[in-house]
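The next block holds one structure in the form of structure tokens; read it before the comments.
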Amino acid sequence: MFNVIQQKPETFYDLFERKDGDPHVTHYCPGCGHGVAHKMIAECLEDLGIQDRTILVSPVGCSVFAYYYFDVGNVQAPHGRAPAVATGIKRSRPEAIVLSYQGDGDLAAIGGNEILHAANRGENITVFFINNAIYGMTGGQMAPTSLIGQKTTTSPFGRSLKNEGYPMRVCELLAALEAPVYLERTAIFDNKNNMRTRKAIRKAIQNQIDGLGFSLVEILSPCPTIWKMTPQESRQWVRDQMMPYFKLGIFRDKTTTQTPSAVAASETPAGLEAGSAQAASPQGASKNEPSSPPPTNSLEELKPRTDVSLDEVPAILGIRATERPGETHGQAVYGGNYNERSKFYEAASATPQGSGEEFFPRDVPEQYRDPQIKIAGFGGQGVLLLGEALAESGMLSGYRVSWLPSYGPEMRGGTAHCHVRLSQNEIGSPLVSRPTILLSLNKPSLEKFLPEAVPGALVIYNSSLIDQPPSRTDIEALPLSATEIAEKIGSPKITNMVVVGALIAKTRLLTKESVFAAIEALVKNPKLVEMNRRAVEAGMQAVMEKEEAVKV
Amino acid sequence: MPTPRGKVEIAQDQCKGCAVCVDACPPKVLKLTTVLNVQGYHPVQYLGDGCTGCGICFYACPEPGAITVYKWQDEESKKQKAA
Amino acid sequence: MTKELIKGNEAIVKGAILAGCRAYFGYPITPASEIAEAAAYYFPLVGGTFLQAESEVASINMIYGASSAGMRCMSASSGPGMSLMQEGISYLAGSELPCVIADIMRGGPGLGNIGPEQGDYNQMVKGGGHGNYHNIVLAPNSAQEMCDLTMLAFDLADQYRNPAIVLADGYIGQMMEPVEFPEEGRVGPIKNWAVHGDAATRKNVLTSIYLSHEALEQHELKLAEKYRKIQENEVRFEAYKIDDAEIILVGYGIVSRVLKSAADRAREYGIRAGVFRPITLYPFPTEALADLSLTTERFLTVELSDGQLVDDVRLAISRRHPCDFYGRRGGCVPTTEEVFNVLRHTLTHPAECNDAMALPMGMHAV
Chain V
-8 MFNVIQQKPE
2 TFYDLFERKD
12 GDPHVTHYCP
22 GCGHGVAHKM
32 IAECLEDLGI
42 QDRTILVSPV
52 GCSVFAYYYF
62 DVGNVQAPHG
72 RAPAVATGIK
82 RSRPEAIVLS
92 YQGDGDLAAI
102 GGNEILHAAN
112 RGENITVFFI
122 NNAIYGMTGG
132 QMAPTSLIGQ
142 KTTTSPFGRS
152 LKNEGYPMRV
162 CELLAALEAP
172 VYLERTAIFD
182 NKNNMRTRKA
192 IRKAIQNQID
202 GLGFSLVEIL
212 SPCPTIWKMT
222 PQESRQWVRD
232 QMMPYFKLGI
242 FRDKTTTQTP
252 SAVAASETPA
262 GLEAGSAQAA
272 SPQGASKNEP
282 SSPPPTNSLE
292 ELKPRTDVSL
302 DEVPAILGIR
312 ATERPGETHG
322 QAVYGGNYNE
332 RSKFYEAASA
342 TPQGSGEEFF
352 PRDVPEQYRD
362 PQIKIAGFGG
372 QGVLLLGEAL
382 AESGMLSGYR
392 VSWLPSYGPE
402 MRGGTAHCHV
412 RLSQNEIGSP
422 LVSRPTILLS
432 LNKPSLEKFL
442 PEAVPGALVI
452 YNSSLIDQPP
462 SRTDIEALPL
472 SATEIAEKIG
482 SPKITNMVVV
492 GALIAKTRLL
502 TKESVFAAIE
512 ALVKNPKLVE
522 MNRRAVEAGM
532 QAVMEKEEAV
542 KV
Chain E
73 MPTPRGKVEI
83 AQDQCKGCAV
93 CVDACPPKVL
103 KLTTVLNVQG
113 YHPVQYLGDG
123 CTGCGICFYA
133 CPEPGAITVY
143 KWQDEESKKQ
153 KAA
Chain L
77 MTKELIKGNE
87 AIVKGAILAG
97 CRAYFGYPIT
107 PASEIAEAAA
117 YYFPLVGGTF
127 LQAESEVASI
137 NMIYGASSAG
147 MRCMSASSGP
157 GMSLMQEGIS
167 YLAGSELPCV
177 IADIMRGGPG
187 LGNIGPEQGD
197 YNQMVKGGGH
207 GNYHNIVLAP
217 NSAQEMCDLT
227 MLAFDLADQY
237 RNPAIVLADG
247 YIGQMMEPVE
257 FPEEGRVGPI
267 KNWAVHGDAA
277 TRKNVLTSIY
287 LSHEALEQHE
297 LKLAEKYRKI
307 QENEVRFEAY
317 KIDDAEIILV
327 GYGIVSRVLK
337 SAADRAREYG
347 IRAGVFRPIT
357 LYPFPTEALA
367 DLSLTTERFL
377 TVELSDGQLV
387 DDVRLAISRR
397 HPCDFYGRRG
407 GCVPTTEEVF
417 NVLRHTLTHP
427 AECNDAMALP
437 MGMHAV
């Protein structure tokens, strides 16, 4: 009796119902290479038993309708972007088998960057690259792989070296990269080469199943209709014209030496040493200021993980749960030492909503209330951190606060400034265009912003660097040799905190304790925390001595 | 008459008459017909004798379901495919 | 209540994670880079994916893939990067794929600068990419709203299977304010229409191609019906002191904050000014503004752009009244005093709705 040995793979739909017209046949032309490649891929998916797991990304081009035929998950991608789309899918569904099927215009022209980088990342995806040296669907325009002298509708006199350059050899190009695991160029024209193509397709898919990384099979494929040839002539053209330039062969095969990687996106990438993976992890890329060493407490416990429960998420984000009476304390809090801050949280939560008034420092002189603060100096003086300390401390004290920086290149050289508001009412504009308090750390910033200050404004200026007092007489000027005081304590870098101390001693807007709590939150290095505290106290001392002297 | 080694079935309505299989067939047992199918092509037909069940035509054919290849059980009891 | 003093950009990331987003694909650009940086840090910690793509073109297409796979996913960029994403956003809209994209607007056109501007209004609100589609566009004006509206954006995106944009200017992104974050995280819905790489979703296809004219028209009519529902149900705005207003200031983002201060200033001088702030720029609060035009005659739209928002305001109220316009550009943000002066100028002059440049630029404090 006869047994079936080859028939329509079951990974094709029985009827191609998504397609207009006859649901039994493809939309491809007689003799087209796509149909052959489709059949070999479909057969492989069936044999490997991965139909349910497979997601096929189809391109723009004749094979845009691959989803008519393959009974697998289907995503149709923008022109050239299939490798990026496949990346998004694979990173989201690491267990899925993600196939990108692309033509030469799609992959080698408009999508050149996407394929290059997907290959370079070693994405664990499989790419089938159908190279027929022409744009088929759109009617025969020149492809990046069109041959020298090849006439197309957009190279009517033949592709020329001078105008269009050489045809692009994709396998050779990608073979220059370290990451790809398997790169092979095959051809569809005779039985021997068809079988090589079939074998390469199976290997490229198996590599992904094994978690080995990026595989690409470039298939030289006949396009009889657009080449204006018979199917038979088109197969000869592949052999006689394409193959001499696009040499068949394996350009990369690390299949046997590559270590299978865990497929999860956040796992160690294939081929990286454990140590280097550690260094490349987000742990190494701390967003803290580069100058500060890693925090000594809980942050270092945080590492990329895949088994995070929903309950853990707020704590990982540093979101501190409201402490309610009767609940047990001691839940892990990440991201800083909250001991100092917690006092203020407790005090704040003990204050009934809406009666925050009594929580504010009560003895703030009238002229300093609801201040609009502008802080300015040159980059590196800690101007922005000064503002942050005021805003953080203000928030802990129950004020409404806002902090708005000047941002961008000027942070790395010229002047820097920021706007801080502390208010008992809702803050409208966070921009401080008419400061009631100006903290000026260098001469150019005083000259620049003094004209903006409202009459009666408090202007604290760094007399260590500003040799002349403010030119205006309708403001309250307070000289402070901030840099010198800071250097005496240990570093000119804490000039900013000396100014904070002077400001709170002068205005009583914030308590020393709330500023200390803010420093705890903002300064990660414990040694620097202590130095910053001393700077605040020294700044306060300087003002108090001055006021004593006035009284005497 | 010797036992046939294989046979091939052509779904003639699915054939686009490209004749790639005709060239590919080693024993040359496929040929184009002169009739027109529903698509307006001259489909291929099996001459009815001489197929070895080699399967080469199956991989030459671009249409998913146009060709089904059979092998005589005595030679190959199971469906077998090259790795 | 516990609050965290935090940059708007970082609040977006925390809000996204709390909303169940576990995939971020993006390319850095000032003034949105803090979003990528915070995402690079936090996403791996919660078991999510962060990938710095090779370009905005690639990142939006990674979003296309992740969304196809049923993930809550996001990206962020600014002007030039958003321009590059437009192709992908059009495809997302066409394939009805939900995602959230934060656009922290900078100055333009071209390379422009990194100052706060609102020049991306038209490209995000009116489309920007090819074809008939709309993004849902939410416009926060505080760090708190950067969190809250990002979370809302994920819900709306999934509810309507549509891209949702969080449109903020550089100042809203860079500003630090106290934020109260939700104390519990959520997970996104299970999406039966997506491809999960399993038997249950094997028959699904995500595509935007409809070759037959009739089929594409049907698809677009379906989209239009969706947009109609969004317009019907999702309009959000904030009205500030408008009940007795003789003039209503209209603006979004950082401008709306300045407008509130300017309105307060005006009221100190006996001018009854109010502020209307669209929170959803698409769907635009057209009806609400039209209703206001029954009781208020003077409107002044203030933008950090060359008259983009004002078009929508005029469409809403022009049946009854004109609308004046004042725009700063290039990263310049009007001060409270400046807006107050423009407001007084407006009230003492006839409405000049036909001339977007009618009011003098840079009217500074007296």
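Chains as they are written, first to last, in the working numbering: chain V, -8 to 543; chain E, 73 to 155; chain L, 77 to 442. Cβ atoms here follow ideal geometry from the backbone N, Cα and C, with glycine treated the same way.
Do Arg193 of chain V and Gly240 of chain V count as a contact pair if the criterion is CB distance below 8 angstroms? Sequence index remark: in the first sequence, residue 240 of chain V carries index 249 (1-based). Sequence index remark: in the first sequence, residue 193 of chain V carries index 202 (1-based). Not a contact, by the Cβ cut-off of 8 angstroms.
Since Lys(-1) of chain V meets chain E, which of its residues come closer than 7 angstroms, beta carbon to beta carbon? Taking the first residue of the first sequence as 1, we reach residue -1 of chain V at position 8. The answer, in chain order, is Pro136 and Gly137.
By a C-beta neighbour count over all protein chains shown, 10 Å radius and 16 as the cutoff for buried, is Pro69 of chain V buried or exposed? Here residue 69 of chain V refers to the residue found at position 78 when the first sequence is read from its first residue. The residue is buried, with at least 16 neighbouring Cβ atoms inside 10 Å.
Just the C-alpha distance for Arg119 of chain V and Asn198 of chain V, rounded to the nearest angstrom, thanks. Within the first sequence, numbered from 1, the residue matching residue 119 of chain V stands at position 128. Within the first sequence, numbered from 1, the residue matching residue 198 of chain V stands at position 207. According to the sequence as given, residue 119 of chain V is Phe; it is not Arg. Their backbone Cα atoms lie some 13 angstroms apart in a straight line.
Does Asp234 of chain L come within less than 8 angstroms of chain V when only Cβ atoms are used? Position 158 of the third sequence, counted from the first residue, corresponds to residue 234 of chain L. No - not a single Cβ of chain V is within 8 angstroms of the one on Asp234 of chain L.
Looking at the strands, I want to know which residues DSSP matches up with Tyr452 of chain V. Translated into positions along the first sequence, residue 452 of chain V becomes position 461. DSSP, once it has assigned bridges, lists V:Ser431 and V:Pro470 as partnering Tyr452 of chain V.
How long is the line joining the alpha carbons of Ser91 of chain V and Ala75 of chain V, rounded to whole angstroms? By 1-based counting over the first sequence, the position of residue 91 of chain V is 100. By 1-based counting over the first sequence, the position of residue 75 of chain V is 84. Going by the C-alpha atoms only, they are around 10 angstroms apart.
For Thr356 of chain L and Leu214 of chain L, which I take to be in contact (beta-carbon distance under 8 angstroms), what is that distance rounded to the nearest angstrom? Numbered from its first residue, the third sequence carries residue 356 of chain L at position 280. Numbered from its first residue, the third sequence carries residue 214 of chain L at position 138. Indeed they touch by this definition, with Cβ atoms about 6 angstroms apart.
Find the residues of chain V that neighbour Ile128 of chain E, judging by a C-beta separation of less than 7 angstroms, and give them in chain order. For the purposes of this step, residue 128 of chain E is identified with residue 56 of the second sequence, where counting begins at 1. Result: Asn182.
Tell me which same chain residues have a C-beta within less than 6 angstroms of the C-beta of Gly261 of chain L, skipping the five on either side of it? Taking the third sequence and counting its residues from 1, the one referred to as residue 261 of chain L is at position 185. Excluding residues within five positions, the ones whose Cβ falls inside 6 angstroms are Leu94.
Run down chain E in chain order and give the residues with a C-beta less than 8 angstroms from the C-beta of Lys238 of chain V. Mapped onto the first sequence, residue 238 of chain V falls at position 247. By Cβ distance, chain E contributes nothing, its closest Cβ being about 22 angstroms from Lys238 of chain V, past 8 angstroms.
By DSSP, does Thr140 of chain E sit in helix, in strand, or in coil? Sequence index remark: in the second sequence, residue 140 of chain E carries index 68 (1-based). Note: Thr140 of chain E maps to strand in three-state DSSP.
Pull up the CB-CB distance for Asp245 of chain L and Pro265 of chain L, whole angstroms please, since I reckon it's below 8 angstroms. For the purposes of this step, residue 245 of chain L is taken as the residue at position 169 of the third sequence. For the purposes of this step, residue 265 of chain L is taken as the residue at position 189 of the third sequence. Not a contact, Cβ separation roughly 31 angstroms.
Flag this pair as touching only if the segment 49 to 66 of chain V and the segment 9 to 29 of chain V have three or more C-beta atom pairs under 8 angstroms; answer yes or no. yes
Is it buried or exposed for Asp298 of chain V, if we count other Cβ within 10 angstroms and need 16 for buried? Residue numbering aside, residue 298 of chain V sits at position 307 when the first sequence is read from its first letter. With fewer than 16 Cβ atoms within 10 Å of its Cβ, Asp298 of chain V is classed as exposed.
Taking beta-carbon pairs under 9 angstroms, can you tell me which members of the segment 104 to 135 of chain L lie near chain V? Thr106, Pro107, Glu110, Glu113, Ala114, Ala116, Tyr117, Tyr118, Phe119, Pro120, Leu121, Val122, Gly123, Gly124, Thr125, Phe126, Leu127, Ala129, Glu130, Ser131, Val133, Ala134 and Ser135
Going by DSSP in three states, Gly126 of chain E sits in which element: helix, strand or coil? In the second sequence, residue 126 of chain E corresponds to position 54, counting from 1. At residue 126 of chain E the sequence reads Cys, which differs from the Gly that was named. Note: Cys126 of chain E maps to coil in three-state DSSP.
Does the segment 103 to 118 of chain V come close enough to the segment 160 to 177 of chain V that 3 or more CB-CB pairs lie under 8 angstroms? yes
How would you call Glu113 of chain L, buried or exposed, if buried means at least 16 neighbouring beta carbons within 10 angstroms? Position 37 of the third sequence holds residue 113 of chain L. By the neighbour-count rule (16 or more Cβ atoms within 10 Å), Glu113 of chain L is buried.
May I have the straight-line CA-CA distance separating Ile324 of chain L from Arg360 of chain V, to the nearest angstrom? Position 248 of the third sequence, counted from the start, is the residue given in the question as residue 324 of chain L. Position 369 of the first sequence, counted from the start, is the residue given in the question as residue 360 of chain V. Roughly 29 angstroms between the two C-alpha positions.
Quick check for students: name the residue ranges of the alpha helix (DSSP H) that lie wholly in the segment 10 to 55 of chain V, counting only runs of 4 or more. 24 to 39
First and last residue of the alpha helix (DSSP H) that includes Val506 of chain V? One-based indexing of the first sequence puts residue 506 of chain V at position 515. First-last of the alpha helix (DSSP H) with Val506 of chain V: Lys503 to Leu513.
Which of the three DSSP states, helix, strand or coil, is assigned to Asn198 of chain V? Here residue 198 of chain V is taken as the residue at index 207 of the first sequence, counted from 1. Looking at Asn198 of chain V - three-state DSSP - the assignment turns out to be helix.
Under three-state DSSP, which class holds Val534 of chain V? Residue 534 of chain V sits at position 543 when you count from the first residue of the first sequence. Val534 of chain V: helix per DSSP, three-state reduction.
Output, in chain order, the set of chain V residues within a Cβ distance shorter than 7 angstroms of Gly89 of chain E. Position 17 of the second sequence, counted from the start, is the residue given in the question as residue 89 of chain E. Near Gly89 of chain E (Cβ distances below 7 angstroms), the residues of chain V are Pro21.
Would you please verify whether the beta carbon of Lys219 of chain V is less than 8 angstroms from any beta carbon of chain E? What you label residue 219 of chain V is simply residue 228 of the first sequence in a count that begins at 1. No, Lys219 of chain V does not count as interfacial toward chain E.
For Gly346 of chain L, count the other beta carbons within 10 Å of its own beta carbon; 16 or more makes it buried, fewer makes it exposed. Which is it? Numbered from 1 along the third sequence, position 270 holds the residue referred to as residue 346 of chain L. By the neighbour-count rule (16 or more Cβ atoms within 10 Å), Gly346 of chain L is not buried but exposed.
Compute the distance between the beta-carbons of Ala392 of chain L and Gly350 of chain L, then report whether it is under 8 angstroms. Taking the first residue of the third sequence as position 1, residue 392 of chain L is located at position 316. Taking the first residue of the third sequence as position 1, residue 350 of chain L is located at position 274. No, these two residues do not count as a Cβ contact at 8 angstroms.
Contact residues within the segment 251 to 262 of chain L, judged by C-beta distance below 7 angstroms to chain V: Met251, Met252, Glu253, Pro254, Phe257, Glu259, Glu260 and Gly261
is_contact[Asp121 of chain E, chain V] using C-beta, thresh 8 angstroms: As a first step, residue 121 of chain E must be located in the second sequence, where it is residue number 49. No, because no Cβ of chain V sits closer than 8 angstroms to the Cβ of Asp121 of chain E.
Interface partners of Gly60 of chain E on chain V, CB under 8 angstroms: For chain E, the structure presents residues 73 to 155; residue 60 of chain E sits outside this window and is missing.
Spatial neighbours of Asn280 of chain L within its chain, please: C-beta separation below 7 angstroms, excluding the five flanking residues on both sides. In the third sequence, residue 280 of chain L corresponds to position 204, counting from 1. Contacts found: Trp269, Ala270 and Val271.
Between Ala509 of chain V and Glu383 of chain V, how many whole angstroms is the CB-CB distance? I'm expecting something under 8 angstroms. As a first step, residue 509 of chain V is located in the first sequence; it is residue number 518 there, counting from the start. As a first step, residue 383 of chain V is located in the first sequence; it is residue number 392 there, counting from the start. Between Glu383 of chain V and Ala509 of chain V the Cβ distance is about 4 angstroms, and since that is below 8 angstroms, they are a contact.
Is there a Cβ of chain E sitting closer than 8 angstroms to that of Thr117 of chain V, yes or no? Stepping through the first sequence from its first residue, residue 117 of chain V is reached at position 126. No, Thr117 of chain V lies away from the interface with chain E (no Cβ there is under 8 angstroms from its Cβ).
Is it buried or exposed, Ser225 of chain V, if we count other Cβ atoms within 10 angstroms and call 16 or more buried? Position 234 of the first sequence, counted from the first residue, corresponds to residue 225 of chain V. With 16 or more other Cβ atoms within 10 Å, it is buried.
Evaluate Val(-5) of chain V with the Cβ neighbour count: other Cβ atoms within 10 Å of its Cβ, from every protein chain shown; 16 or more gives buried, anything less gives exposed. In the first sequence, the residue the question calls residue -5 of chain V occupies position 4. Burial call: exposed.
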